[in-house]
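Chains as they are written, first to last, in the working numbering: chain U, 166 to 414; chain E, 166 to 414. Each residue gets a CB set at the ideal place from its N, CA and C atoms; glycine is no exception. In what follows, a single structure is set out as structure tokens and then discussed.
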DNA sequence: TCCTTTAATGCAATATTTTGCAATTTATCT
DNA sequence: AGATAAATTGCAAAATATTGCATTAAAGGA
């Protein structure tokens, strides 16, 4: 393979994907990492891409900005996501709903972990695509402008055909009287379908959302298996919350 | 064998395959590598191809990347996208494939225009979601890490159930010998399905991608209805391109 | 036709480029 | 700080280029 060919392929990769890892290129081009490095160095000198540690990125790359991704305190969500990741096992088939907490979860999945991830969330899907070892399956259909996730009957029907190892439900509102609630009816329908399709349902919620509720109900507390917050389990106050059917993490 | 004959063969080889190895030419032409070298050197001096270490590549092979990622060619893509938007009519149901040109198209759709847009492209979908009047339907399925679009059998099957008013095929490679070609086999399959599902197929291509080809074929030129480039129609050079079955814009 | 001139080709010796490996240093993450 | 991944450097082997030269082929002139 000619050097120029490799260069072309690398540039194409960067153009389409905005970023590329050295290791991926090595496999793709069947050359050593040294060669890829030299190629990238050359292309960088020619100002055709930007060389970075571990790979290269497109020149105009300023990372994706998602609607309202970073409004809330990132730190809490990071804590929640880490706890969630501890539940994952190699080779599992999981589904992530939308929301910034799930986005953080997607971001923190270890590079090396092999998973099959379904999601109806656009931002989550993009985040997952940056991990080569994860097979990403997007649940298609009509998209909600607000939530940036797929809604509607087709998606719900689709979900009835699958059984997931774990379903991660992103931030909603939660109290022990009303259960899980949302303010978007369409989103509720999708979440219901996810819960139904999952062997185990894990809810990720920052503590602020506890003990508050919205108009539309997704499910009862008893329908979920695990609740993860940024707090220590003992500090979680769910009033009244006598029945400890739910694992707190 | 005459020198001129060899030159023609070499040029043709480069034109069709975008590149050629010295050693291959040696075998093909039954002459020493020295002769091939001298031929290629001559053709290089005549600006008919570009001599590189180990062979030769087509001129303009990497001219796109020369302009380096989105930044430089953004303007050209904007021009293309504007022409494409002129084809749209209120209330139509269209489909956009992936690629930066389609992304630009999505970006430039007027706020007020009501449309139903299908797409298998993650970035295009996100862009479309910023327009409240557009109903966005994402074609779900397994996502390509590379191209950030849905690929695979399920998506292709899904596409057989719909008939779109217009299908916009993003930048690929195009010449009149090989037709539309691509880098990525899976992407080719999706584009084929899009073309089949569309009443009218519009190809968006910056002129640099003209007269060059890649490994995998999407369709013949005769399968598309309109070709849009950033150039004036008269300036578009597709050689040989006698049959004007295609509208140039 | 024969000779001369010029261009084209192949060969061989020598340079240059490219590539992969290994050892070391540097950067990154926890 | 320690562990891990990545970058750098020097080096050697392989592939490719270059150069000079000899041979052959073609072209033109007397």
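Burial state of residue 197(E), where buried means 16 or more other Cβ atoms lie within 10 Å: As a position in the second chain, residue 197(E) is number 32, starting the count at 1. Exposed: under 16 other Cβ atoms inside 10 Å.
Integer-rounded CB distance, given that residue 323(U) should sit under 8 Å from residue 304(U): Taking the first chain and counting its residues from 1, one reaches residue 304(U) at position 139. Taking the first chain and counting its residues from 1, one reaches residue 323(U) at position 158. With a contact defined as Cβ atoms closer than 8 Å, residue 304(U) and residue 323(U) qualify at about 6 Å.
For residue 395(U) and residue 266(U), the rounded distance between their alpha carbons: As a position in the first chain, residue 266(U) is number 101, starting the count at 1. As a position in the first chain, residue 395(U) is number 230, starting the count at 1. The alpha-carbon atoms of residue 266(U) and residue 395(U) are separated by roughly 11 Å.
Span of the alpha helix (DSSP H) around residue 292(U): Numbered from 1 along the first chain, position 127 holds the residue referred to as residue 292(U). Counting along the chain, the alpha helix (DSSP H) containing residue 292(U) begins and ends at 287-294.
CA-to-CA distance, residue 215(E) to residue 221(E), given in whole angstroms: As a first step, residue 221(E) is located in the second chain; it is residue number 56 there, counting from the start. As a first step, residue 215(E) is located in the second chain; it is residue number 50 there, counting from the start. In a straight line, the C-alpha of residue 221(E) is about 5 Å away from that of residue 215(E).
Partner residues on chain E for residue 356(U), Cβ-Cβ distance less than 8 Å: Counting from 1 along the first chain, the entry for residue 356(U) is found at position 191. What residue 356(U) touches in chain E: nothing, since even the nearest Cβ is about 17 Å away.
Unbroken alpha helix (DSSP H) run spanning residue 388(E), endpoints: Position 223 of the second chain holds residue 388(E). Counting along the chain, residue 388(E) falls outside any alpha helix (DSSP H), and DSSP gives it neither H nor E.
Listed by chain order, chain E residues near residue 313(U) by CB distance under 8 Å: Taking the first residue of the first chain as 1, we reach residue 313(U) at position 148. Simply 291, 294.
Short CB-CB distance (under 7 Å) between residue 192(U) and chain E: Taking the first residue of the first chain as 1, we reach residue 192(U) at position 27. It does not: the Cβ of residue 192(U) has no partner Cβ on chain E nearer than 7 Å.
Chain U contacts from the region 298-313 of chain E (Cβ-Cβ distance under 9 Å): 299, 300, 301, 302, 303, 304, 305, 306, 307, 308, 309, 310, 311, 312, 313
From 309(U), 170(U), 174(U), 312(U), residue whose alpha carbon lies closest to that of residue 312(E): In the second chain, residue 312(E) corresponds to position 147, counting from 1. Checking every option, the nearest Cα to that of residue 312(E) belongs to 174(U).
Neighbour list for residue 222(E) in chain U, Cβ cutoff strictly below 9 Å: As a position in the second chain, residue 222(E) is number 57, starting the count at 1. Under the 9 Å cutoff, chain U gives 167, 169, 170, 173.
Status (buried if at least 16 other CB within 10 Å, exposed otherwise) for residue 263(E): Within the second chain, residue 263(E) is the residue found at index 98, counting from 1. Burial call: buried.
7 Å Cβ cutoff, residue 280(E) in contact with chain U: What you label residue 280(E) is simply residue 115 of the second chain in a count that begins at 1. Chain U contact via Cβ: absent.
Cβ-based burial, residue 235(U) [other Cβ within 10 Å; buried from 16]: For the purposes of this step, residue 235(U) is identified with residue 70 of the first chain, where counting begins at 1. Low confidence applies here, because residue 235(U) scores a pLDDT of 39, under 50, leaving its location unreliable; read the following figure in that light. Classification for residue 235(U): exposed.
Residues near residue 244(E) by beta carbon distance below 6 Å, same chain, minus five either side: As a first step, residue 244(E) is located in the second chain; it is residue number 79 there, counting from the start. Closer than 6 Å at the Cβ level, and outside the excluded window around residue 244(E), lie 395.
Residue nearest to residue 281(U) in terms of C-alpha spacing, selected from 387(U), 256(U), 316(U), 289(U): As a first step, residue 281(U) must be located in the first chain, where it is residue number 116. It is 256(U) whose Cα lies nearest to the Cα of residue 281(U).
Cβ of residue 353(E) within 7 Å of any chain U Cβ: The count along the second chain starts at 1 and reaches residue 353(E) at position 188. Under the 7 Å criterion on CB atoms, residue 353(E) is classed as non-interfacial with respect to chain U.
At least 3 beta-carbon pairs within less than 8 Å: the region 348-355 of chain U vs the region 336-346 of chain E: no
Three-state class that DSSP yields for residue 237(U) in the structure shown: The residue you call residue 237(U) lines up with position 72 of the first chain. Only weak support exists for where residue 237(U) lies, its pLDDT of 42 falling under 50; the value from the coordinates is given anyway. Secondary structure of residue 237(U) (DSSP, three-state): coil.
Chain-ordered chain E contacts of residue 287(U) [CB-CB under 9 Å]: Within the first chain, the letter at position 122 stands for residue 287(U). Within 9 Å Cβ-Cβ: 287, 290, 291, 294, 303.
Paired residues, beta bridge with residue 488(U) - DSSP: The shown model of chain U, from 166 to 414, leaves out residue 488(U), and the question about it has no answer.
Straight-line Cα distance separating residue 286(U) from residue 271(U): As a working mapping, residue 271(U) is identified with position 106 in the first chain. As a working mapping, residue 286(U) is identified with position 121 in the first chain. When rounded, the distance between both Cα atoms is 11 Å.
The region 197-222 of chain E: positions lying closer than 7 Å to chain U by Cβ: The residues in question are 217, 218, 219, 220, 222.
Spatial neighbours of residue 260(E) in its chain, beta-carbon cut-off 6 Å, leaving aside the 5 residues before and after: Counting from one through the second chain, the residue named residue 260(E) turns up at place 95. Excluding five sequence positions before and after residue 260(E), the CB atoms of its chain that fall closer than 6 Å to its own CB belong to 283, 329, 332, 359, given in chain order.
Minimum C-alpha distance to residue 340(E) - residue among 327(E), 388(E), 293(E): As a working mapping, residue 340(E) is identified with position 175 in the second chain. Measuring from the Cα of residue 340(E), the nearest candidate turns out to be 388(E).
Within chain U, the residues that residue 184(E) reaches when beta carbons sit closer than 8 Å: Along the second chain, one-based indexing puts residue 184(E) at 19. What residue 184(E) touches in chain U: 167, 169, 170.
C-beta contact flag for residue 248(E) and residue 414(E) at 7 Å: In the second chain, the residue the question calls residue 248(E) occupies position 83. In the second chain, the residue the question calls residue 414(E) occupies position 249. Contact flag set, yes.
Residue 279(E) classed as buried or exposed, judged by whether at least 16 other C-beta atoms fall within 10 angstroms: Position 114 of the second chain, counted from the first residue, corresponds to residue 279(E). Classification of residue 279(E): exposed, given that the 10 Å Cβ count is below 16.
Beta-carbon contacts of residue 201(E) that lie in its chain and below 6 Å, excluding the five residues immediately before and after: For the purposes of this step, residue 201(E) is taken as residue 36 along the second chain, with counting starting at 1. These residues qualify, in order along the chain: 187, 190, 191.
Other residues of its chain near residue 178(U): CB distance less than 6 Å, five sequence neighbours each side excluded: Along the first chain, read from residue 1 onward, the residue named residue 178(U) stands at position 13. Closer than 6 Å at the Cβ level, and outside the excluded window around residue 178(U), lie 185.
Rounded separation between residue 213(E) and residue 300(E) - CA only: Locating residue 213(E) in the second chain gives position 48, counting from the first residue. Locating residue 300(E) in the second chain gives position 135, counting from the first residue. Cα-Cα distance, rounded: 48 Å.
Simplified DSSP assignment, three categories, for residue 214(E): Stepping through the second chain from its first residue, residue 214(E) is reached at position 49. In the structure shown, residue 214(E) sits in coil (DSSP, three-state: anything other than H, G, I, E or B).
Which residues DSSP lists as bridging residue 333(U), in chain order: For the purposes of this step, residue 333(U) is identified with residue 168 of the first chain, where counting begins at 1. DSSP, once it has assigned bridges, lists 261(U), 367(U) as partnering residue 333(U).
Rounded Cβ spacing between residue 316(U) and residue 307(U) (contact assumed at less than 8 Å): Working through the first chain from its first residue, we reach residue 316(U) at position 151. Working through the first chain from its first residue, we reach residue 307(U) at position 142. Their Cβ separation, rounded to whole angstroms, is 6 Å, which keeps residue 316(U) and residue 307(U) in contact under 8 Å.
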